[in-house]
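Working notes, beginning with the structure itself.
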Amino acid sequence: MKKQPRSSPRSHRTQRTVSIVGTGSYTPEKRLTNADLTKIVDTSDEWITTRTGIKERRIAAKDEKTSDMASRAALKALEQADVDPKDVDLILVATATPDMLFPATACFVQKKIGSPKAACLDISAACAGFLFGVEIGQQFITSGTHDTVLVIGAEKLSSITNWTDRNTCVLFGDGAGAVVLQHRGRAHGVISTHIGSDGNFTDILYMPGGGSNTPITRDNAHMHLATIHMHGKEVYKQAVTSMLSASKKAMEQAGLTTDDIACVIPHQANLRIIEGIADRLKIPLDRFFVNLDKYGNTSAAAVAMALDEANRSGRIKRGDYVLMVVFGGGLTWASTIVEW
Ligand code: UT7
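Under my numbering, the sequence shown has 336 at position 331, and the numbering climbs by one with no breaks.
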């Protein structure tokens with residue numbers, strides 16, 4: 006018999022549950038394969054495949070902005086949820102590649118999808134941002150402040166990629182994913198969440214230029230400062246450690262064990278990281294949903310896109326316990342268990 010999750014220790018959650026009532030995603034048309042990358046930097050399909058599992062990624066068109074991709078994913082999620090964009094109360098866009106530093110990309114999305122009464126803000130938690138958004142969104146619903154929240158993870162990482170750096174340029178891609186959150190009884194309930202950060206590691210994954218610390222000027226424009234800088238090995242270690250502990254915390258809080266989890270949707274950064282987590286959690290790899298071979302690492306969009314694919318393909322079914330777990334620059338990490 007299926008185990009019932011423990012009621013959340015945070016008592017308000019037992020008053021108003023939160024469901025994911027629709028998912029959507031969007032990926033740009035242009036594919037950049039590993040073979041294509043060998044023409045840009047000194048790399049090989051063999052290196053990229055064995056070190057990361059990535060085979061290709063999508064690249065947005067020049068005039069395609071993060072808000073364009075976010076809006077397309079959002080409209081699909083709203084359509085599936087059968088929710089009119091006019092009824093959205095709050096739009097949260099998790100992104101490290103906003104259209105502009107301000108206004109928030111969420112405001113551009115609001116205009117594009119037609120949600121005049123929504124409050125809009127962006128979430129800056131790098132690759133972990135989407136699940137930070139789910140946690141923030143559900144707090145507004147459980148408290149009774151809002152009824153309908155749109156949470157989007159969207160990235161145009163190609164716009165902050167250093168295409169001369171083989172250590173990073175082979176890893177990333179563009180795309181967007183979205184969910185609609187509402188209180189609709191018990192089905193599809195978010196039953197457990199955990200978020201965390203460690204500011205001691207701000208120097209292992211970051212973009213040094215373009216903010217108030219180091220504005221881009223004529224003198225530094227050639228230095229690729231407004232691109233992703235990463236110490237891959239250190240990030241790798243921290244990713245495994247923090248995703249493991251976040252997964253355990255979410256299961257513990259829900260009173261579930263690894264045997265209860267039907268599907269794990271992890272951050273899509275590197276297949277070896279996912280294998281490491283599967284091994285340590287003792288969950289067979291075939292219970293992990295992986296699509297990084299097609300899209301690379303799309304940061305805040307990754308789990309949102311994977312969730313939509315898992316949902317629409319029937320990989321996750323009603324009643325399944327789904328564990329999502331993410332990790333990103335900051336450092337930031339988050340985990341969410343949903344009863345589908
Ligand atoms: O989304 C946020 C989180 N991000 C991540 O989770 C990324 C975490 N890190 C990783 O996934 C891995 O560390 C990488 C995939 C980035 C790198 O894999 P690695 O096994 O840690 O490789 P490495 O950095 O130790 O590099 C090994 C070698 C180096 O050559 P030497 O110094 O040993 O001669 C690199 O120069 O591989 C070389 N290398 C490449 N060779 C061919 C680095 N990039 C490439 C490349 N093609 N693209």
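Glycine included, every Cβ here is placed at the ideal spot set by N, Cα and C. On a predicted model such as this, the values are computed, not experimentally measured, just so you know.
* Asked: Is the distance from the Cβ of Val-156 to the Cβ of Gly-138 below 8 Å?
  -> Taking the first residue of the sequence shown as 1, we reach residue 156 at position 151. Taking the first residue of the sequence shown as 1, we reach residue 138 at position 133. Yes; because the gap between Cβ atoms is below 8 Å, this pair is in contact.
* Give the DSSP-derived three-state secondary structure of Thr-198 in the structure shown. => Residue numbering aside, residue 198 sits at position 193 when the sequence shown is read from its first letter. In this structure, Thr-198 counts as strand in the three-state DSSP scheme.
* Would the beta-carbon of Gly-260 be found less than 7 Å away from any heavy atom of the ligand UT7? -> Locating residue 260 in the sequence shown gives position 255, counting from the first residue. Answer for Gly-260: no, Cβ out of range of the ligand UT7.
* **Reduced DSSP secondary structure (H/G/I, E/B, other) of Leu-249** => Walking along the sequence shown from the start, residue 249 turns up at place 244. When secondary structure is reduced to three states using DSSP, Leu-249 falls in the helix class.
* **Continuous beta strand (DSSP E) stretch holding Asp-179: start and end** => Position 174 of the sequence shown, counted from the start, is the residue given in the question as residue 179. Per DSSP, Asp-179 belongs to the beta strand (DSSP E) from 179 to 187.
* To do: Output the boundary residues of the alpha helix (DSSP H) element that contains Trp-52.
  => Taking the sequence shown and counting its residues from 1, one reaches residue 52 at position 47. Run containing Trp-52: 50 to 57, per the alpha helix (DSSP H) assignment.
* Give the straight-line distance between the Cα atoms of Ser-72 and Leu-126, rounded to the nearest whole angstrom. => By one-based count along the sequence shown, residue 72 stands at place 67. By one-based count along the sequence shown, residue 126 stands at place 121. Distance between the alpha carbons of Ser-72 and Leu-126: 12 Å.
* To do: Inspect the CB distances between the segment 195 to 204 and the segment 77 to 86 and report whether three or more fall short of 8 Å.
  => no
* **Continuous alpha helix (DSSP H) assignments of at least 4 residues falling wholly in the segment 106 to 183** => 110 to 118, 134 to 147 and 171 to 174
* Are the beta-carbon atoms belonging to Ser-247 and Leu-336 less than 8 Å from one another? -> Taking the first residue of the sequence shown as 1, we reach residue 247 at position 242. Taking the first residue of the sequence shown as 1, we reach residue 336 at position 331. Yes. Within cutoff.
* **Identified DSSP bridge partners for Phe-332** => Your numbering for residue 332 matches position 327 in the sequence shown. Trp-338, per the DSSP bridge assignment.
* To do: For Thr-102, collect the residues of the same chain with a Cβ closer than 7 Å to its Cβ; drop the 5 residues on either side in sequence, then sort them by chain order.
  => Position 97 of the sequence shown, counting from 1, holds the residue named residue 102. These residues qualify, in order along the chain: Thr-71, Glu-160, Lys-161, Leu-162, Ser-164 and Ile-165.
* To do: Check whether the Cβ of Lys-253 sits closer than 7 Å to any heavy atom of the ligand UT7, and report yes or no.
  => Numbered from 1 along the sequence shown, position 248 holds the residue referred to as residue 253. The answer is no for Lys-253.
* Asked: How many angstroms separate the CA atom of Asp-94 from the CA atom of Asp-87?
  -> For the purposes of this step, residue 94 is taken as the residue at position 89 of the sequence shown. For the purposes of this step, residue 87 is taken as the residue at position 82 of the sequence shown. Taking the straight line joining both Cα atoms gives about 15 Å.
* **Of the residues Thr-341, Lys-299 and Met-235, the one placed nearest Glu-34, counting alpha carbons only** => Along the sequence shown, one-based indexing puts residue 34 at 29. Closest option to Glu-34, Cα to Cα, is Lys-299.
* To do: Give a yes or no on contact between the segment 301 to 315 and the segment 212 to 223, applying the rule of three or more CB pairs nearer than 8 Å.
  => no
* To do: Assign Ile-96 to one of three DSSP states: helix, strand, or coil.
  => Here residue 96 refers to the residue found at position 91 when the sequence shown is read from its first residue. Strand at Ile-96.
* Asked: Under a Cβ-count criterion, where at least 16 other Cβ atoms within 10 Å of its own Cβ denotes burial, should Leu-186 be classed as buried or exposed?
  -> In the sequence shown, residue 186 corresponds to position 181, counting from 1. With at least 16 other beta carbons inside 10 angstroms of its own, Leu-186 counts as buried.
* Compute the minimum distance between the beta carbon of Trp-168 and the heavy atoms of the ligand UT7, and state whether it is under 7 Å. => Position 163 of the sequence shown holds residue 168. No, Cβ of Trp-168 sits at least 7 Å from all heavy atoms of the ligand UT7.
* To do: Run the CB neighbour count on Ala-226, radius 10 Å, all protein chains shown included, and call it buried at 16 or more, exposed below.
  => Here the question's residue 226 lines up with position 221 in the sequence shown. The residue in question, Ala-226, is exposed, as its Cβ has fewer than 16 Cβ neighbours within 10 Å.
* Asked: What three-state label does DSSP hand Ala-66 in the structure shown?
  -> Locating residue 66 in the sequence shown gives position 61, counting from the first residue. In the three-state reduction of the DSSP assignment, Ala-66 falls in the coil class.
* On the three-state DSSP scale, how would you describe Ile-270? -> For this step, residue 270 is matched to residue 265 along the sequence shown. DSSP places Ile-270 in strand when its eight states are reduced to three.
* In angstroms, rounded to a whole number, what distance separates the CA positions of Leu-37 and Ile-45? -> Looking up residue 37 in the sequence shown gives position 32. Looking up residue 45 in the sequence shown gives position 40. Each residue's alpha carbon lies about 11 Å from the other.
* Kindly examine the ligand UT7 and report whether one of its heavy atoms sits closer than 7 Å to the Cβ of Ile-278. => To locate residue 278, count along the sequence shown from 1; it is residue 273. Flag set: Cβ of Ile-278 near the ligand UT7.
* Asked: With 16 as the cutoff for other CB atoms within 10 Å, does Phe-107 come out buried or exposed?
  -> The residue labelled residue 107 in the question sits at position 102 within the sequence shown. Exposed, since its Cβ has fewer than 16 Cβ neighbours within 10 Å.
* Can you grab the Cα-Cα spacing for the pair Ala-123 / Glu-344, in whole Å? => Numbered from its first residue, the sequence shown carries residue 123 at position 118. Numbered from its first residue, the sequence shown carries residue 344 at position 339. If you take the alpha carbons of Ala-123 and Glu-344, they lie about 27 Å apart.
* Buried or exposed: Gln-143, going by 16 or more other Cβ atoms within 10 Å of its Cβ? -> Within the sequence shown, the letter at position 138 stands for residue 143. Buried, by the Cβ-count rule.
* Closer than 7 Å: Ser-49 CB and nearest the ligand UT7 heavy atom -> Position 44 of the sequence shown, counted from the start, is the residue given in the question as residue 49. Correct: Ser-49 has its Cβ closer than 7 Å to the ligand UT7.
* The alpha helix (DSSP H) enclosing Arg-317, as first and last residue numbers -> On the sequence shown, residue 317 is found 312 positions in, with the first residue counted as 1. It spans 307 to 317 - the alpha helix (DSSP H) in which Arg-317 sits, taken as one unbroken run.
* Report all residues from its chain with a CB closer than 8 Å to the CB of Ile-266; omit the five preceding and five following residues, and keep chain order. => Position 261 of the sequence shown holds residue 266. Once the five neighbours on either side are set aside, the close Cβ partners of Ile-266 are Met-256, Ile-288, Arg-292, Tyr-326, Val-327, Leu-328 and Ile-342.
* Neighbour-count burial assignment, Glu-314, 16 or more Cβ in a 10 Å radius -> Position 309 of the sequence shown holds residue 314. Glu-314 is buried by the Cβ-count criterion.
* To do: Identify whether His-227 lies in helix, strand or coil by the three-state DSSP scheme.
  => For this step, residue 227 is matched to residue 222 along the sequence shown. In the displayed model, His-227 falls within a helix according to three-state DSSP.
* Pairwise C-alpha distance: Leu-286 and Gly-301 -> The residue given as residue 301 occupies position 296 in the sequence shown. The residue given as residue 286 occupies position 281 in the sequence shown. Distance between the alpha carbons of Gly-301 and Leu-286: 24 Å.
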